[in-house]
Every structure is written in C-alpha cells, then in structure tokens.
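Colleague: Residue 396, in the numbering used here, is where the sequence shown stops; the numbers in between run on with no holes.
Beta carbons: idealized from backbone N, C-alpha and C, even for Gly.
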Amino acid sequence: MYKFNSDSNELEKVFETTFLENDLKERNNIEEWIRKDPSILKEDLLIIAHEYNKFEVNERLDLLGLDKDGNLVIIEVKRDESGGEFDFQALKYCSYCSTLTPTDILEIYTEYLNKFSIDENAVDNLLEFFDVESQDLLNGFLNIGQRIIIIGREIDRRILSVSAWLAQNSIDIKCMTIVPYTIAGSNELIIDVNQLIPAYSINDFFINKKKVEKSRGKLTQPDKVINFFTNVVNLANKKGHKAYYYNRKSYAKIRSQINSDLQFVLAYRKRDEIFRIKVEGRDKAISNKLLSIYNKYKAEIQSEIKQVLRDEEGSKNSDWLRIYMEINCDGGSENLSSYVEEVGTQFIEFVEVFKKYLAKEF
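#1: If distances are taken between C-alpha atoms only, which option among Arg94, Lys208, Ile212 comes closest to Ile231?
#2: With DSSP run on the structure shown, which of helix, strand or coil describes Leu95?
#3: Arg181 and Val111: beta carbons closer than 8 Å?
#4: Where does Cys363 sit, in a helix, a strand or coil, going by DSSP?
#5: Opposite Met210 in the DSSP bridges: which residues?
#6: Just to confirm, is the Cβ distance from Asp317 to Asp353 under 8 Å?
#7: Here's the rule: buried if 16 or more other CB atoms are within 10 angstroms of the residue's CB, otherwise exposed. What is Ala218?
#8: Going by C-alpha distance, which of Thr216, Ile184, Lys273 is nearest Cys128?
#9: At the level of alpha carbons, what is the spacing between Asp226 and Asp57?
#10: Assign Gln291 to buried or exposed, taking buried as 16 or more other Cβ atoms, counted over all protein chains shown, within 10 Å of its Cβ.
#11: What is the DSSP secondary structure of Leu140, counted as helix, strand or coil?
#12: May I ask you to verify whether the stretch 143-151 touches the stretch 69-86, counting CB pairs closer than 8 Å and requiring at least 3?
#13: What three-state label does DSSP hand Phe164 in the structure shown?
#14: Is the beta carbon of Val259 less than 8 Å from the beta carbon of Leu370?
#15: Kindly give me the distance between the Cβ atoms of Ser284 and Lys304, rounded to whole angstroms, as I take these residues to be in contact under 8 Å.
#16: Do you know offhand how far His275's Cα is from Ser294's?
#17: Any idea which residues DSSP pairs Lys47 with across the strands?
#18: Can you tell me whether Asp190 is helix, strand or coil according to DSSP?
#19: For Arg282, which beta-bridge partners are listed by DSSP?
#20: For the beta strand (DSSP E) containing Ile311, name the first residue and the last one.
#21: Using alpha carbons as the reference points, say which of Phe122, Gly179, Arg61, Ala124 lies closest to Arg113.
#22: Out of Ser132, Ser367, Ile320, Phe262, state which residue places its alpha-carbon closest to the alpha-carbon of Thr379.
#23: Could you tell me whether the Cβ atoms of Leu343 and Gln336 are closer together than 8 Å?
#24: Quick one: what's Ile298 bridged to in DSSP?
#25: Check each candidate in Gly174, Tyr373, Tyr86, Glu222 and name the one with the smallest Cα separation from Leu269.
#26: Is Val246 buried or exposed, if buried means 16 or more other CB atoms sit within 10 Å of its CB?
#27: Compute the beta-carbon to beta-carbon distance between Asn228 and Gly179, rounded to the nearest angstrom, for a pair I have assumed lies under 8 Å.
#28: To the nearest angstrom, report how far apart Gly174 and Gln255 are at their CA atoms.
#29: First and last residue of the beta strand (DSSP E) that includes Tyr328?
#30: Buried or exposed for Phe53, going by 16 or more other Cβ atoms inside 10 Å?
Listed below in structure tokens is the structure:
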C-alpha cells in the first residue's frame, strides 16, 4: 500500500503494523469505530447493542445489529489475532439471539440508546430504518434470521476454513480483516478493511442480465397479498401515477410529486380485515400544512371522496400526520383479488382529489 505525495509526485510506502503496537484496544477503539459507523462493515446496518451480556450464561457479545432484511447481525471483533475458537463463540451468540422476540429487541435497543445518552426513540428509529409505518408491520421484520460477521486484523486459518464451510452450507457468515498501516514520519494510521469470506468470484465482476430471485430467509408477503398490490399498482400507473410496491410489505404507495415527506398509502390490515387509504405527512412542517389544507377544504374533499375521513397524529412520532379512510375486506385475504378494482379505483380517486386541493396551497 502506498500514500501519494503531491509535492514530489511520488508514492510513499506505508507499512503494516498492529493495533497492539499502537496501543489501540478492541473494546475502546475498534468496537467504537464500528458502533459509530457500521458502514465500515460495507453494508447498511443499525447497531442496537454493545457489550451485551444479559444472556442466561455469563458471556458478552461485542456488537449486535440489524440489517435491512430484519436479520440480527452478531458482530465479533478481535484486535489482532482471532484465535482458533472465535467461530464457535460467534455461533453460540447466534443461537442465543435466535430466541429474541420483537419485544426483547426493542428493550435491548432502548437500553443501548439510554446507555450512550442518545435522545432518540427506539421504535421510531426502527420504523425509519425498515421504512414501515406501524409497529405491527415492524414486528414482522425483527429477527427473521441471524447472521455473523467476524472481523480482526488477522483471521486464523482454522476460522476461515470453518466459516467457508458454513457459508457453503447456507449459514450467513462473513469474515473481514481490519488492518492498520503506519506512515513513515507521521503519527497517522491508515485503516484498511477487506472481506475474505464469502470470497469474491470472478463472476462478480461481469455485467450480466439481472436475475430476480427469492433469497433464502427473506420475508415476503403471501402470494395473494403480492398479487393484490401488484394489480393495484398497475392500475394506478396506467392512470399516470407513480405507484410502487415491495413484496415484503402489506402496503403500496403513490408518490405525491409535491414533497418527498408527503405520500399516499394503501395498506391491508389483515388482523382487522380492512383496507386503509391515507395521505401521510412525515415531517412536522409538512404535517401542519397538510392538516391546514384539509381543514380549509374539508367539506369539498369529503363530498368528492364520498367516504368518512379521519385524521390522527402518528402513534409513535407526533411529527407524523395521517388523514385516512377505511374499507372493509369481507372474507379476509382469501378474497383479496375481488377487491382490486373497487379498492384500486377508490385509492386513485382519493389521491387525485387530495392532490387537486394540495396543489392550491403548495
């Protein structure tokens, strides 16, 4: 590895060192770097625990995170050499975490926020991270699986061998190196992070036709729900709207094209057997403006939509506001396909009426 010297137009060699030689600690330094910026691990993670030790056995987990698919991510850190039993330790923590419920995870994350004096709400952060609108939906994402990330300056070959075998047998495990380099004549260090397992294949560097696959362990909605929302989205897009749906969700959205914090949502609430159509503000200023416009034109909007409308603040975030209507779904999810035309049309009409009046003030 080299450092570019712009004055001499030369590359200056940097030399590998160890964390021990630079008095850098596992807990106070490396774990802290990852805790504050988990993108060091080259993926989008939310850290929810540090030094967690409340299992029934007296053991301490370095870092615990969540990925975008709802997997709990067990992160084990070693300063320099990993040792030969590091993988078994990570697997133990994985088994302990497999039993954690959504309530457990919220308690763990709340404790983490309090521990580091982070003035944020655990539920709100998780709703934002997963881009879901209610705690019921959130609970469907939390701990759908477990993953392992092992990181250290030097990973023992025995650990790599076991990890490679686990990866080949569909256990989601990743091994990474984090290596310090020293610059001659300077107190600065360069930290280099690389992934060892899963090993990159030469095929990763070719540009191929995109493949659409269901990844093992990923949560998707039942086919009846997916088909319903896909058909509604197609109906809305044919009318010129920007509608979209992800098959992990039980709702579809239409972009307002007025403000990114203002959106239209059609949700299916299986437990209550209802559809909810709503316009939602996700910022205090936008929510206030939405409510002001709604109150000003309430009679006209109610008359055109021909449905009872309600408004409410977000249950977990008072900056959010939603104005909504509900339609019963007789027969539950088994009968969803018969509602595509009725509910889809009502959703589109709701959007068009609100956009007409919102455009007068925005």
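Modeller: Inspection of the coordinates gives the following:
#1: The residue labelled residue 231 in the question sits at position 197 within the sequence shown. Residue Lys208 is the option with its Cα nearest to Ile231.
#2: Position 61 of the sequence shown, counted from the start, is the residue given in the question as residue 95. If DSSP states are grouped into helix, strand and coil, Leu95 belongs with the strands.
#3: Sequence index remark: in the sequence shown, residue 181 carries index 147 (1-based). Sequence index remark: in the sequence shown, residue 111 carries index 77 (1-based). No.
#4: Sequence index remark: in the sequence shown, residue 363 carries index 329 (1-based). The three-state secondary structure of Cys363, taken from DSSP, is coil.
#5: In the sequence shown, residue 210 corresponds to position 176, counting from 1. The partner list for Met210 (beta bridge, DSSP) reads Ile185, Gln229.
#6: Sequence index remark: in the sequence shown, residue 317 carries index 283 (1-based). Sequence index remark: in the sequence shown, residue 353 carries index 319 (1-based). Result yes, Cβ atoms of Asp317 and Asp353 sit closer than 8 Å.
#7: As a working mapping, residue 218 is identified with position 184 in the sequence shown. Exposed, because fewer than 16 other Cβ atoms sit within 10 Å of the Cβ of Ala218.
#8: In the sequence shown, the residue the question calls residue 128 occupies position 94. The alpha carbon of Cys128 has as its nearest neighbour, out of Thr216, Ile184, Lys273, the alpha carbon of Ile184.
#9: Residue mapping note: residue 226 aligns to position 192 of the sequence shown, counting from 1. Residue mapping note: residue 57 aligns to position 23 of the sequence shown, counting from 1. Looking at the two C-alpha atoms, the distance is approximately 17 Å.
#10: Within the sequence shown, the letter at position 257 stands for residue 291. Counting the other CB atoms within 10 Å of its CB gives Gln291 a total below 16, which places it among the exposed residues.
#11: Position 106 of the sequence shown, counted from the first residue, corresponds to residue 140. DSSP places Leu140 in helix when its eight states are reduced to three.
#12: Taking 8 Å as the limit for Cβ pairs, the verdict is that the stretch 69-86 does touch the stretch 143-151.
#13: For the purposes of this step, residue 164 is taken as residue 130 along the sequence shown, with counting starting at 1. Secondary structure of Phe164 (DSSP, three-state): helix.
#14: Translated into the one-based positions of the sequence shown, residue 259 becomes position 225. Translated into the one-based positions of the sequence shown, residue 370 becomes position 336. Yes, they are a contact pair.
#15: Stepping through the sequence shown from its first residue, residue 284 is reached at position 250. Stepping through the sequence shown from its first residue, residue 304 is reached at position 270. Between the beta-carbon of Ser284 and that of Lys304 there is about 7 Å, and that keeps the pair under the 8 Å contact cut.
#16: Mapped onto the sequence shown, residue 275 falls at position 241. Mapped onto the sequence shown, residue 294 falls at position 260. One alpha carbon belongs to His275, the other to Ser294, and they sit about 15 Å apart.
#17: For this step, residue 47 is matched to residue 13 along the sequence shown. Per DSSP, the beta-bridge partners of Lys47 are Tyr36.
#18: What you label residue 190 is simply residue 156 of the sequence shown in a count that begins at 1. DSSP, read as helix, strand or coil, puts Asp190 in coil.
#19: On the sequence shown, position 248 is the one that residue 282 refers to. The partner list for Arg282 (beta bridge, DSSP) is empty, contrary to what the question assumes.
#20: The residue you call residue 311 lines up with position 277 of the sequence shown. 308-315 is the span of the beta strand (DSSP E), which, as asked, contains Ile311.
#21: Your numbering for residue 113 matches position 79 in the sequence shown. For the options Phe122, Gly179, Arg61, Ala124, the alpha carbon positioned closest to that of Arg113 is the one of Arg61.
#22: What you label residue 379 is simply residue 345 of the sequence shown in a count that begins at 1. Out of Ser132, Ser367, Ile320, Phe262, Phe262 has the C-alpha closest to the C-alpha of Thr379.
#23: By 1-based counting over the sequence shown, the position of residue 343 is 309. By 1-based counting over the sequence shown, the position of residue 336 is 302. For Leu343 and Gln336, yes; Cβs fall inside 8 Å.
#24: Mapped onto the sequence shown, residue 298 falls at position 264. Here residue 298 turns out to be Phe, not Ile, going by the sequence shown. DSSP lists Ile288, Val313 as partners of Phe298.
#25: Along the sequence shown, one-based indexing puts residue 269 at 235. Checked all of Gly174, Tyr373, Tyr86, Glu222; the closest Cα to Leu269 is Tyr373.
#26: Residue 246 sits at position 212 when you count from the first residue of the sequence shown. Residue confidence for Val246 is low, a pLDDT of 44 falling below 50, so the modelled location carries little weight; the figure read from the coordinates is stated next. The residue is exposed, with fewer than 16 neighbouring Cβ atoms inside 10 Å.
#27: Here residue 228 is taken as the residue at index 194 of the sequence shown, counted from 1. Here residue 179 is taken as the residue at index 145 of the sequence shown, counted from 1. Actually they do not touch by this definition, with Cβ atoms about 25 Å apart.
#28: As a position in the sequence shown, residue 174 is number 140, starting the count at 1. As a position in the sequence shown, residue 255 is number 221, starting the count at 1. Spanning the two alpha carbons is a distance of roughly 10 Å.
#29: Position 294 of the sequence shown holds residue 328. It is not in any beta strand (DSSP E) - Tyr328 instead sits in the alpha helix (DSSP H) that spans 318-330.
#30: Walking along the sequence shown from the start, residue 53 turns up at place 19. A buried status is given to Phe53, since no fewer than 16 other beta-carbon atoms sit within 10 Å of its beta-carbon.
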